[in-house]
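The structure appears right after this line, and notes come after that.
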Amino acid sequence: MKTEKSSYHSVNPVIYNGSRCCVSNYYFSPVSPESEDYFHVTSFRGRPEQKLRDLVLKADIAIRNKLRKVFPQGIVKPWHIYKK
């Protein structure tokens, strides 16, 4: 699966009374699939019927993207990046 600046991907809601665990793995290529390099924060959106949640999450996306422009390396050093 290739994701770009404007791509969306999702799963259907899971209807289950027990615990739910989810693992997402992202692999990055050394070359951007777009014609230029770009950066944006990982963003989450509400489903079409979740109007208020979507509004709050859009504000969260905007704030975090603005913070990354002010602090390009982030505010906290990432501890989870594997280096060979």
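Per our numbering, the sequence shown starts with residue 6, numbered consecutively. Where is the CB? At the ideal position from N, CA and C, for every residue including glycine. Every value quoted in this text rests on a predicted model; they were computed, and no experiment measured them.
Could you give the first and the last residue of the continuous alpha helix (DSSP H) run that contains residue i?
i, result
"V61", "K56 to V75"
Could you give the distance in angstroms between the alpha-carbon of residue i and the alpha-carbon of residue j?
i, j, result
"V16", "Q78", "31 Å"
"P38", "L57", "33 Å"
"T47", "L72", "13 Å"
"K88", "K74", "25 Å"
Beta-carbon separation of residue i and residue j under 8 Å?
i, j, result
"F49", "L60", "no"
"K22", "H45", "The identity of residue 22 in the sequence shown is Asn, whereas the question assumes Lys. In this structure, H45 does not lie closer than 8 Å to N22 by Cβ."
Closest to residue i by CA distance: which of the options is it?
i, options, result
"Y31", "H14, F76, G51 and A64", "H14"
"G51", "E41, H45, I66 and D42", "I66"
"V36", "E9, C27 and V28", "E9"
"S11", "Y43, W84 and K82", "Y43"
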